[in-house]
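Reviewing the structure listed below.
In the UniProt record's numbering, the protein residues as written are 1 to 616.
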């Protein structure tokens, strides 16, 4: 069974009957290694062929499906057809010519990548795999096709007719017809990296930003990146198949949840929504992640339509915009924030703050939202669109308020039944980093079976990417540990890491400030020390210093966990400390450094995890 993207169930309403029959037959009759895309924007010009078929041993095929009946066709030639339209006769492009033009534009884009063309010989500059194009006529039989003389306008080998895509069609016969549309047979097989390069070029919206930068391919570009990162097929199918209504994605750390959120936000801005011109709201708990999300929306060019903020700022803005009083400033921080939220809830209940303000709401870090917060946010979705997406990972929930016993999405108004997806594969971390993070979390990540309306606790599965073993620093004092971390960061910079690639994460503000003093004042290293809310700048060329709490949702090529051996801190539960360390360790994409100075319960455990000697 082939992989169809988007999923067939999400295409109801935009497929013609002939397109649906074609999709069903291709998905059912083709083998597992076939990839099919239906009506997905292709290439820099956002072409929309009906179907793109990719096979590692065959190549690429573009198919156009036309629901014409013989009675609707007036006259045909190789360039144009005259058909009966709703308002009388009209001229349309020959469907085979339409497919040919799509195919040539796709091929022209692919041939610009030197990794996908022959480097020498008579085929120099041509694709290393075959390509073809054809037409499906689901309402015209082969006999009708021939008798009507359509074979003079479309090469017979390039068309599949009504009686050739029936339920009883033989899979081998269907595949044979498809590959008769190719000019020659392929030698060899496309590798996974080559297929990823093809997807990267054909489908720009599945590209994964590298170091926060979106690579924009234009006709003037002369160079292509050596490594092209794209969503995996599960992520792409999920992103394109979300559809309308309430959706919940349970995903482990590093599974691409935030990337899917960015795709979803951009996708929603392109959809017509029955005249609804309301903005889209993206919410998270952590302020640094909110700034990162806002930056992503700005890079995508949709910041004017997608508002990305952290939850408490949104609450404050609601009170200010709708003339509601803010809580007294003298209140302790936690009381002030609790009162801030409650005043918004009261305002909505009294209809002083309107509900349904947003065309869609997307929630990152849903695991850190209290149930009453989620209940409030659900009311902000315009009921005419009813578009809500919640991203969730209970293993990363580091705030007790979010982990209510017997919590269910239904209890807060989220209609999750039948609309949940689970992502278990971690792509961010190397196998070695993920193993260390999971061991730090000890029994935290024991999978628990839940019904789909509850919250499952997921154990991550590594994508298998290998890297360096995490470096465990064993030094007597915290000061020595910080100094040694500084040396390792300097060494990494000499090896090619940018300062912006590095983050130092600490359990407390005091340890963070000690790191800032050592790195900035003594070592003269460029740092941004997150002292106040709002001072985190994504992608500044500085080492990021922040607490473990503040790092949630972010990622960096190199992460140093300073003060881990001091944990749990005074009054902190050991299991809560394990959650926090797990979050911190899984921020690292390539290299992880962990300090073990101190006498906390984690010091001994951390030292036991060391698989390589100290780099000193």
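Every residue, glycine too, gets a C-beta built ideally from N, C-alpha and C.
The structure displayed is predicted, hence computed values, not measured ones.
Enumerate in chain order the residues of its own chain whose CB-to-CB distance from residue i is below 6 Å, with the five nearest sequence positions on each side excluded.
i	result
residue 345	376
residue 605	none
residue 12	none
residue 95	64, 66, 135
residue 489	502
residue 16	67
residue 309	290
residue 611	Residue confidence for residue 611 is low, a pLDDT of 44 falling below 50, so the modelled location carries little weight; the figure read from the coordinates is stated next. Answer for residue 611: 469, listed in chain order.
residue 374	412
residue 545	504, 512, 515, 516, 527, 529
residue 481	473, 475, 595, 597
Which same chain residues, not among the five before or five after residue i, have their C-beta less than 7 Å away from its C-beta?
i	result
residue 241	6, 7, 10
residue 1	27, 28, 32
residue 465	430, 431
residue 142	161, 163, 164
residue 239	231, 260, 263, 264
residue 382	276, 278, 356, 358, 359
residue 57	186, 189
Roughly how far, in whole angstroms, is the beta-carbon of residue i from the beta-carbon of residue j, given that I think they are within contact range, below 8 Å?
i	j	result
residue 364	residue 252	Not a contact, Cβ separation roughly 14 Å.
residue 530	residue 550	6 Å
residue 54	residue 30	Contact doesn't hold; Cβ gap of about 11 Å is too wide.
residue 651	residue 109	Residue 651 lies beyond the range of the chain shown here (1 to 616); nothing can be said about it.
residue 601	residue 572	Not really, about 10 Å apart at Cβ, beyond 8 Å.
residue 105	residue 43	6 Å
residue 254	residue 428	3 Å
residue 440	residue 303	With 8 Å as the limit, residue 440 and residue 303 do not qualify as a contact, their Cβ atoms being about 37 Å apart.
residue 407	residue 460	Rounded, the Cβ-Cβ distance is 21 Å, inconsistent with contact.
Ignore the nearest five residues each way along the sequence and tell me which others in residue i's own chain have a CB closer than 8 Å to its CB.
i	result
residue 524	none
residue 184	130
residue 72	83, 84
residue 218	Any reading at residue 218 is ruled out, since the residue's pLDDT is 42, under 50, leaving its predicted position unreliable.
residue 380	281, 355, 356, 357, 358, 361
Is the CB-CB distance between residue i and residue j below 9 Å?
i	j	result
residue 136	residue 160	yes
residue 134	residue 236	no
residue 432	residue 469	yes
residue 419	residue 387	no
residue 61	residue 132	yes
residue 462	residue 434	yes
residue 206	residue 231	yes
residue 543	residue 500	yes
residue 171	residue 21	no
residue 208	residue 265	no
residue 233	residue 258	no
residue 472	residue 485	no
residue 316	residue 331	no
Nearest to residue i by CA position, among the options, is which residue?
i	options	result
residue 591	577, 570, 559	559
residue 102	20, 50, 92, 256	50
residue 68	169, 264, 85, 338	85
residue 582	259, 548, 312	548
residue 70	509, 437, 148	148
residue 576	507, 421, 420	507
residue 361	47, 391, 233	391
residue 289	552, 589, 599	552
residue 190	208, 424, 128, 139	128
residue 156	302, 167, 178	178
residue 354	278, 239, 412, 369	278
residue 568	321, 554, 596	596
residue 621	286, 267, 343	No answer is possible for residue 621: it lies beyond the span of the chain, which begins at 1 and ends at 616.
residue 76	197, 518, 92	92
residue 343	22, 366, 318, 367	318
residue 249	422, 580, 88, 38	422
residue 286	125, 352, 535	535
residue 313	173, 100, 328, 283	283
residue 23	370, 167, 493	167
residue 204	47, 554, 409, 570	47
residue 39	25, 4, 145	4
residue 627	496, 328, 426, 509	Since the first and last residues shown for the chain are 1 and 616, residue 627 lies out of range.
Just list the residues that DSSP pairs residue i with in beta bridges.
i	result
residue 133	62
residue 502	558
residue 307	281
residue 45	None, per the DSSP bridge assignment.
residue 124	118
residue 169	Its beta-bridge partners do not exist; DSSP assigns none.
residue 84	89
residue 207	230
residue 12	Beta-bridge pairing links residue 12 to no other residue.
residue 473	595
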